[in-house]
Amino acid sequence: MTNHLHDAMFAPRSGSPSPFLLLPDGETLTHEGFAQLAARQAAVLVAAGLRKGDRVALQAAKTPEALAVYAACIRIGAVLLPLNTAYTPAEVAYFLEDAEPKLLICDPRSETALAPIASKAGAAVLTLDSEGNGSFSDKVAAAAPHPAIETCGPDDLAAILYTSGTTGRSKGAMLSHDNLLSNASALTDLWQFTEADTLVHALPIFHTHGLFVAINVSLLSGAAVRFFPKFDIDEIIAAIPDSTTLMGVPTFYTRLLEDPRLDRELVASMRLFVSGSAPLLAATHEAFEARTGHRILERYGMTETNMNASNPYDGDRIAGTVGNPLPGVEIRITDPNSDQELARGETGMIEVRGPNVFQGYWQMPEKTAEELRADGFFITGDLGVIDDAGYLQIVGRQKDLIIAGGYNIYPKEIEILLDGMEGVGESAVIGVPHPDLGEAVVALVVAEGETPPEAEALLSALASQLARFKQPRRLLLVDSLPRNTMGKVQKNVLREQFADCLG
Ligand code: MCA
Ligand code: AMP
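Remember, my numbering sits 36 above the position in the sequence shown when you count from 1.
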């Protein structure tokens with residue numbers, strides 16, 4: 037009986053008293069303690085009717101208990117469906133109806149709003165709060181560890197992570213045991229993670245970066261994890277001198293640079309700073325090196341593929357590039373019009389193939405076929421160029437996507453909502469430069485009818501439906517939207533015109 041991911045990643049240290057999670061209150065959860073927690077959670081999941089292949093939706097604060105749900109799902113062969121804690125009930129409804137989980141674990145404060153939605157989608161509800169308490173934990177406390185580990189092969193599903201689509205409809209990326217394991221192995225080797233490491237972990241655990249890159253690499257290597265509920269500059273600054281590594285989105289680094297406490301002495305114990313999820317400005321890279329002596333290691337990934345490319349550990353980390361393909365991963369650049377592979381130095385669509393590439397979109401075979409070629413290459417939607425030394429540079433995106441503080445926001449989702457509102461003729465949502473988040477959302481609206489709508493009223497109507505991070509920081513009424521000869525809205529023109537509109 038084998039379980040591909042469990043056997044390689046969780047089992048080797050499941051009896052070990054070595055530290056796994058170092059918590060802000062000074063408590064430590066050992067690998068053994070974590071495994072015990074996951075085994076008792078597994079018993080509760082099985083008692084709730086979960087079987088191999090069934091989905092468990094999780095919208096809960098970042099706690100050791102929430103993280104253990106991942107390990108519990110792997111134990112019983114269930115499929116984890118982690119959800120951003122910022123999502124509104126309207127957003128959660130879509131994921132539950134689409135993925136049909138048998139169980140939703142959510143914050144007790146959301147229970148009243150989510151219970152009818154879950155019930156409609158056929159999911160039971162248990163709760164877990166930011167202290168690790170709730171009806172789920174009550175059952176876990178009373179449960180005996182579930183002794184069995186479900187048999188799972190490399191291609192069995194471990195998780196479904198939703199990524200928004202350019203059409204406005206989110207797609208569930210199906211990730212297999214081997215998608216996760218192969219990527220974690222490659223990164224552990226490449227970034228030289230060992231038991232001697234302590235990782236500062238301040239990322240959310242509902243996305244690939246915080247859950248699979250950071251946690252899987254730590255589990256596989258035996259590194260300890262300083263586990264913070266969120267990014268708090270004072271906590272991070274205090275944690276760095278007792279740590280060896282940090283993984284973050286570019287906003288982490290710009291915020292660290294703004295803090296006068298960041299200097300060479302503070303980072304004396306650190307051996308590696310990793311950045312990803314959004315472009316790291318070359319200026320940030322250079323300023324960080326000047327202040328700390330460390331060259332941030334930038335890498336490139338996607339929900340559908342985990343990590344694809346990384347700057348080297350030993351060797352030149354080149355600012356403005358995402359480095360070379362990971363071992364076992366192939367990257368090619370193609371002409372977006374002809375699909376033909378382009379020569380080195382030419383800019384085109386980045387395509388990726390390897391054991392990291394997902395199994396397709398949940399119940400969307402036509403979308404899968406559009407983005408995953410028959411020869412196994414995944415069409416990323418990112419535009420790039422590979423230089424003579426083999427370094428990949430991301431030069432833009434063909435997909436209409438805004439990345440704010442590492443969160444992806446698809447303009448279409450917001451435009452659909454705005455276009456359906458009283459007094460709105462049409463709308464265009466764009467990303468404009470933002471010093472803290474990289475990009476920020478701005479909406480441009482063309483009014484229709486006798487009385488133009490109030491910007492505030494439109495924004496508050498959006499607030500009830502969209503997670504806060506997707507809500508426009510500014511909404512402006514405009515006379516018309518610029519269009520090209522094909523009738524397509526020219527967002528590049530709008531981005532230039534409104535670049536400074538946040539002041
Ligand atoms: C918070 N807010 C945001 C964001 N985060 N608005 C836009 N974009 C955001 N990313 C809003 C809040 O709703 C709030 O609004 C105000 O900004 C301040 O909130 P606060 O909670 O204080 O912000 P924070 O906790 O300091 O969060 C900023 C953050 C966080 C640390 C950058 O967003 C974060 O941890 N981002 C990481 C995302 C991530 O892990 N991405 C990886 C995706 P108001 O004040 O108006 O209420 S995985 C991926 O992309 C691929 C696979 C990859 O390559 O890794
Ligand atoms: P997600 O859909 O959350 O998985 O986000 C994946 C997208 O984030 C990629 O397609 C890129 O557009 C972007 N991304 C991730 N890492 C980087 C990076 N290092 N530089 C630029 N963009 C990145």
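All C-beta atoms in this analysis are idealised placements derived from N, C-alpha and C, irrespective of residue type, glycine included.
Asked: Nearest to Phe131 by alpha carbon, out of Leu216, Ser206, Asn219?; Found: Ser206
Asked: Sort Thr199, Val92, Lys138 by Cα distance to Thr404 and report the nearest one.; Found: Thr199
Asked: Assuming Ala547 and Thr224 form a contact by the criterion Cβ under 8 Å, report the distance between their Cβ atoms to the nearest whole angstrom.; Found: This structure gives no information on residue 547, because the portion of the chain shown stretches from 37 to 539.
Asked: Return the residue from the list Val481, Lys506, Ile422, Glu377 that minimises the CA-CA distance to Ile439.; Found: Lys506
Asked: Is the separation between the beta-carbon of Val310 and that of Ser279 shorter than 7 Å?; Found: no
Asked: Straight-line CA distance for Asn392 to Ser516?; Found: 44 Å
Asked: With 16 other CB atoms within 10 Å as the buried threshold, where does Ala180 fall?; Found: exposed
Asked: Just tell me which of Pro508, Leu513, Ala476 has its CA closest to the CA of Ala591.; Found: Only positions 37 to 539 of the chain appear in the structure, and residue 591 is not among them; the question remains open.
Asked: Would you mind stating whether Ala84 and Leu150 have Cβ atoms separated by less than 7 Å?; Found: no
Asked: Can you tell me where the alpha helix (DSSP H) with Ser171 in it begins and where it stops?; Found: 171-178
Asked: Express the C-alpha separation of Thr416 and Cys142 in angstroms, rounding to a whole number.; Found: 32 Å
Asked: If you measure from each CB to the nearest heavy atom of ligand 1 and keep those under 6 Å, what residues do you get, in chain order?; Found: Leu239, Pro240, His243, Thr244, His245, Gly246, Lys266, Phe267, Val285, Thr287, Gly312, Ser313, Gly337, Met338, Thr339, Ala440, Gly441, Gly442, Tyr443, Leu473, Arg504, Phe505
Asked: Who pairs with Cys188 in a beta bridge, going by DSSP?; Found: Asn39
Asked: Determine contact between the stretch 40-48 and the stretch 183-199, defined as no fewer than three beta-carbon pairs at a distance below 8 Å.; Found: yes
Asked: Would you call Leu217 buried or exposed, if buried means 16 or more other Cβ atoms sit within 10 Å of its Cβ?; Found: buried
Asked: For ligand 2, I want to know if Pro508 counts as a neighbour, meaning its beta carbon is within less than 6 Å of at least one of the ligand's heavy atoms.; Found: no
Asked: Ligand 2 and Ile540: does the residue's C-beta get closer than 6 Å to at least one heavy atom of that ligand?; Found: What the structure shows of the chain is the stretch from 37 to 539, and residue 540 is not part of that stretch, so it cannot be assessed.
Asked: Using a Cβ-Cβ cutoff of less than 7 Å, which residues in the same chain neighbour Gly16 once the five nearest sequence positions on both sides are dropped?; Found: The first residue shown for the chain is 37 and the last is 539, placing residue 16 beyond what the model contains.
Asked: Buried or exposed, going by whether 16 or more other CB atoms sit within 10 Å of the CB of Asn215?; Found: buried
Asked: Report the residue from Arg335, Gly337, Thr320, Leu197 whose alpha carbon sits nearest the alpha carbon of Gly329.; Found: Thr320
Asked: Kindly list the residues whose CB is nearer than 7 Å to the CB of Val303, restricted to its own chain and excluding five residues on each side of it in sequence; keep chain order.; Found: Ile276, Thr328, His330
Asked: Taking 8 Å as the limit between beta carbons, can you name the residues of its chain near Leu59, skipping five residues before and five after?; Found: Leu65, Pro100, Phe263
Asked: Is it the case that the stretch 451-469 contacts the stretch 488-503, given that we only count it when at least three CB pairs across the two stretches are under 8 Å?; Found: yes
Asked: If I follow the unbroken beta strand (DSSP E) through Ser463, where does it start and stop?; Found: 460-470
Asked: Please list the segments of the alpha helix (DSSP H) lying wholly inside the stretch 282-363, counting only runs of 4 or more residues, in order along the chain.; Found: 286-294, 318-328
Asked: Just tell me which of Ile354, Ala129, Ala260, Glu63 has its CA closest to the CA of Gly426.; Found: Ile354
Asked: Applying the 10 Å Cβ sphere with the 16-neighbour rule, what's the burial state of Thr287?; Found: buried
Asked: Nearest by alpha-carbon distance to Asn373: which of Val388, Tyr349, Leu419 is it?; Found: Leu419
Asked: How far does the alpha helix (DSSP H) with Gly69 in it extend, from its first residue to its last?; Found: 67-83
Asked: Less than 6 Å between C-beta atoms, sequence neighbours within five positions excluded: which residues of the same chain meet that for Arg368?; Found: Glu377, Glu387
Asked: Look at Ala314 and Val285 and say whether their C-beta atoms are less than 7 Å apart.; Found: yes
Asked: For Pro508, collect the residues of the same chain with a Cβ closer than 8 Å to its Cβ; drop the 5 residues on either side in sequence, then sort them by chain order.; Found: Ile450, Val465, Val477, Val478, Ala479, Leu495, Leu498
Asked: Report buried or exposed for Pro401, applying the criterion of at least 16 other Cβ atoms within 10 angstroms of its Cβ.; Found: exposed
Asked: Buried or exposed for Arg76, going by 16 or more other Cβ atoms inside 10 Å?; Found: buried
Asked: Taking DSSP as the reference, what is the three-state secondary structure of Gln376?; Found: coil
Asked: Here's a check: name, in chain order, each residue in its chain whose Cβ is nearer than 6 Å to the Cβ of Pro118, leaving out the five neighbours to either side.; Found: Leu94, Phe242
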